[in-house]
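Participant: The following block contains the structure, expressed as structure tokens.
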Amino acid sequence: GNSVTQMEGPVTLSEEAFLTINCTYTATGYPSLFWYVQYPGEGLQLLLKATKADDKGSNKGFEATYRKETTSFHLEKGSVQVSDSAVYFCALEGGNNRKLIWGLGTSLAVNP
Amino acid sequence: DGGITQSPKYLFRKEGQNVTLSCEQNLNHDAMYWYRQDPGQGLRLIYYSQIVNDFQKGDIAEGYSVSREKKESFPLTVTSAQKNPTAFYLCASGTAEAFFGQGTRLTVV
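In structure tokens form, the structure reads like this:
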């Protein structure tokens, strides 16, 4: 069945450092892929998405490219800020009922 | 503004009591979901509904019940049969792309 594997955290960076959070998937067909962000004590918000191979999703300086050949959707940001401290979830649209399949989340802490 | 609203934000329950968490959306979405989130863990699906008057169990449905009498509403009842109910509960709506509420933090006292 469809599944998502996300790198384990926590990830701790200094402000202005480069961020990569790895996400790989297993799926039949070509599902849409998503990154969600959860700030402390809140619900999840959609950060970016990609709906087909080679698509690049981007938002708030974050980017991720749908790589069919490596079944990956890694999240990157060139220069993180303290305000980026949150938990990041990778997800894919799964199966006929189209409910999302979730990674376990990666906690990011950015220090000033 | 369209959105999804969960209430209350914090909820305290005595052991042995049932408690109902509210979830309302005005996004005209057919699909709605309930997730449970424990500290340091990912999202676990409790129940989901793809259309009014229909719902399916997710991965951890035991001790929970839901109803879907209206498109806008998908309340979750945490029953006394749920042995470890203290958690953060998230409601979402949408097909493929999910929109989340702000969550309800349930604590058993």
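Note that the protein sequences, when read in sequence, are chains A and B.
Here the first sequence stands for residues 57 to 168, numbered as in our numbering.
Here the second sequence stands for residues 554 to 662, numbered as in our numbering.
Beta carbons: idealized from backbone N, C-alpha and C, even for Gly.
None of the values given here were measured: they were computed from a predicted structure.
Assuming residue 57 of chain A is part of the beta strand (DSSP E), what are its boundary residues?
Facilitator: Taken as a continuous stretch (DSSP letters only), residue 57 of chain A belongs to no beta strand (DSSP E), as it is neither H nor E.
Participant: Mind reading off the beta-carbon distance from residue 117 of chain A to residue 143 of chain A? Whole number of angstroms is fine, and I expect it under 8 Å.
Facilitator: That belief does not hold up - the Cβ atoms of residue 117 of chain A and residue 143 of chain A are roughly 18 Å apart, past 8 Å.
Participant: What residue from A:127, A:104, A:68 and A:99 has the CA that sits closest to residue 136 of chain A's CA?
Facilitator: Nearest option by C-alpha distance: A:68.
Participant: Less than 8 Å between C-beta atoms, sequence neighbours within five positions excluded: which residues of the same chain meet that for residue 124 of chain A?
Facilitator: 86, 109 and 110.
Participant: Please classify residue 147 of chain A as buried or exposed, where buried requires at least 16 other C-beta atoms within 10 Å of its C-beta.
Facilitator: So residue 147 of chain A counts as buried.
Participant: Indicate the three-state DSSP secondary structure (helix, strand or coil) for residue 633 of chain B in the structure shown.
Facilitator: Coil at residue 633 of chain B, not helix or strand.
Participant: Quick test of the definition: if touching needs 3 or more C-beta pairs under 8 Å, does the segment 619–630 of chain B touch the segment 126–134 of chain A?
Facilitator: Contact between the segment 619–630 of chain B and the segment 126–134 of chain A is absent, because fewer than three Cβ pairs lie under 8 Å.
Participant: So residue 145 of chain A is in the beta strand (DSSP E); what residue range does that whole segment cover?
Facilitator: That run of the beta strand (DSSP E) goes 142–150.
Participant: Where do the N-terminal and C-terminal ends of the beta strand (DSSP E) with residue 74 of chain A fall, by residue?
Facilitator: Careful: residue 74 of chain A lies outside any beta strand (DSSP E) and carries neither H nor E.
Participant: Shorter than 8 Å from the beta carbon of residue 655 of chain B to some beta carbon of chain A?
Facilitator: Cβ-Cβ to chain A under 8 Å: yes for residue 655 of chain B.
Participant: Check the C-beta distance from residue 584 of chain B over to residue 646 of chain B and give it rounded, since I have them as a contact under 8 Å.
Facilitator: 6 Å between Cβ atoms; contact.
Participant: Suppose contacts are defined by Cβ-Cβ distances below 8 Å. Is residue 612 of chain B in contact with residue 598 of chain B by that definition?
Facilitator: The answer is yes: Cβ separation under 8 Å.
Participant: Can at least three beta-carbon pairs, one atom from the segment 641–658 of chain B and one from the segment 85–102 of chain A, be found at a separation below 8 Å?
Facilitator: Counting Cβ pairs under 8 Å, three or more are found: they touch.
Participant: Please tell me whether residue 601 of chain B has its Cβ less than 8 Å away from any Cβ of chain A.
Facilitator: With 8 Å as the cut-off, residue 601 of chain B counts as an interface residue toward chain A.
Participant: When Cβ atoms are compared, which residues of the segment 634–656 of chain B fall closer than 7 Å to chain A?
Facilitator: Listed in sequence order: 643, 648, 649, 650, 651, 653, 654, 655 and 656.
Participant: Candidates B:572, B:588, B:580 and B:566: which alpha carbon is nearest residue 555 of chain B's?
Facilitator: For residue 555 of chain B, the nearest C-alpha among the options comes from B:580.
Participant: Could you tell me which chain A residues have their CB closer than 7 Å to the CB of residue 555 of chain B, listed as they occur along the chain?
Facilitator: Within chain A, no residue comes near residue 555 of chain B; the closest Cβ sits about 14 Å away, beyond 7 Å.
Participant: Check the Cβ of residue 98 of chain A against every Cβ in chain B and list those closer than 9 Å, keeping chain order.
Facilitator: What residue 98 of chain A touches in chain B: 653, 655 and 656.
Participant: Could you give the residue range of the beta strand (DSSP E) that holds residue 113 of chain A?
Facilitator: Unbroken beta strand (DSSP E) run through residue 113 of chain A: 112–115.
Participant: Just checking: is the beta-carbon of residue 116 of chain A within a distance shorter than 8 Å of some beta-carbon in chain B?
Facilitator: False, the Cβ-Cβ gap to chain B never drops below 8 Å.
Participant: Cβ atoms of residue 58 of chain A and residue 83 of chain A: under 8 Å apart, would you say?
Facilitator: For residue 83 of chain A and residue 58 of chain A, yes; Cβs fall inside 8 Å.
Participant: Can you pull the chain A residues whose beta carbon is under 9 Å from the beta carbon of residue 586 of chain B, in chain order?
Facilitator: 155 and 156, listed in chain order.
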